[in-house]
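Asks: Pasting a structure below so you can have a look.
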Amino acid sequence: MSLTLYARRNILMPMTRVQSPINVEKWIEENADKFKPPVSNRYLYDGRDFFVMVIKGPNARNDFHLVDSEEYFYQLKGDIKVRIREGDGIVDHIVREGETFFIPPNVPHSPQRPPDTIGLVVERRRGPGEKEHVIFYCENCEAVVEDIHFDCKDIVDHFSKAMLEFWNDDSRRTCKKCGKKVEKAQPVKAL
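Numbering of the sequence shown is given in this note's numbering, commencing with residue 434 and proceeding in unit increments.
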């Protein structure tokens, strides 16, 4: 990392640009047309060490996200469900308006966001070679149908692209164990 310095009264000071405060409600209104399923997310802040996303409902997800870092959820409006794979089962956590939810590293999770919900998610930026996982499980036998793993430089673009490519390929979305197909996720209607 390089640091640019300038002299002020014979003292070296860092030249760092600080982003002005953001009115989140106004920012969401101004960017409303940019939130699109399947994930419906946009960067509010895209920094060097971490990023903050605004995520609106409805989303359309039947995948589970897994990464070797923590995720922090803050639910601004409405209630969502975060499905967590624990052992051989799924545990549903309801995150209500005004609540926060913390997901430890390496926990497969699938946020389900109904219409008119808004949340913030804070994640650590991943370094080169650190893989994101978008995992699809068979609804019939629970086998892993596909574990899409990739370097993710842009979570807003790469996640949607990975999901759409999977859903558009019959052979990829067919369970090798039982033959059932993973259907394309539809927008969440309600919890």
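Beta carbons: idealized from backbone N, C-alpha and C, even for Gly.
Values in this document were obtained by computation on a predicted structure and should not be read as measured data.
(1) Taking the C-alpha atoms as reference points, what is the distance between residue 570 and residue 465?
(2) Is it true that the region 575 to 584 meets the region 501 to 516, where meeting means three or more beta-carbon pairs spaced less than 8 Å apart?
(3) How would you call residue 545, buried or exposed, if buried means at least 16 neighbouring beta carbons within 10 angstroms?
(4) From the DSSP secondary-structure annotation, give me the bridge partner or partners of residue 552.
(5) Distance check for residue 521 and residue 535, CA to CA, integer angstroms please.
(6) Nearest CA to the CA of residue 450: which residue from 493, 499 and 481?
(7) Going by beta carbon distance, what residues of the same chain come within less than 8 Å of residue 608, once the five residues before and after it are set aside?
(8) Which of the three DSSP states, helix, strand or coil, is assigned to residue 451?
(9) What did DSSP end up calling residue 463 once you bin it into helix, strand or coil?
(10) Mapping DSSP to helix, strand and coil, what is residue 590?
(11) Across the region 546 to 553 and the region 511 to 528, are there enough close Cβ pairs to call them in contact, namely three or more that are closer than 8 Å?
Replies: Quick answer:
(1) Walking along the sequence shown from the start, residue 570 turns up at place 137. Walking along the sequence shown from the start, residue 465 turns up at place 32. Roughly 31 Å separates the two Cα atoms.
(2) Output reads no: the region 501 to 516 does not touch the region 575 to 584.
(3) Numbered from 1 along the sequence shown, position 112 holds the residue referred to as residue 545. Buried, since its Cβ has 16 or more Cβ neighbours within 10 Å.
(4) Reading the sequence shown from its first residue, position 119 is the one you call residue 552. Paired residue(s): 488 and 508.
(5) Within the sequence shown, residue 535 is the residue found at index 102, counting from 1. Within the sequence shown, residue 521 is the residue found at index 88, counting from 1. C-alpha separation (whole angstroms): 21 Å.
(6) Position 17 of the sequence shown, counted from the start, is the residue given in the question as residue 450. Of the candidates 493, 499 and 481, the one whose C-alpha sits nearest the C-alpha of residue 450 is 481.
(7) The residue given as residue 608 occupies position 175 in the sequence shown. Around residue 608, the same chain offers 571, 573, 574, 576, 578, 614 and 615 as residues with beta carbons nearer than 8 Å, after the five sequence neighbours per side are excluded.
(8) To locate residue 451, count along the sequence shown from 1; it is residue 18. DSSP places residue 451 outside both helix and strand once states are collapsed to three, so it counts as coil.
(9) The sequence position of residue 463 within the sequence shown is 30, counting from 1. It is helical.
(10) Against the sequence shown, residue 590 aligns to sequence position 157. Secondary structure at residue 590: helix, using DSSP grouped into helix, strand and coil.
(11) Counting C-beta pairs closer than 8 Å gives three or more between the region 546 to 553 and the region 511 to 528, which meets the contact rule.
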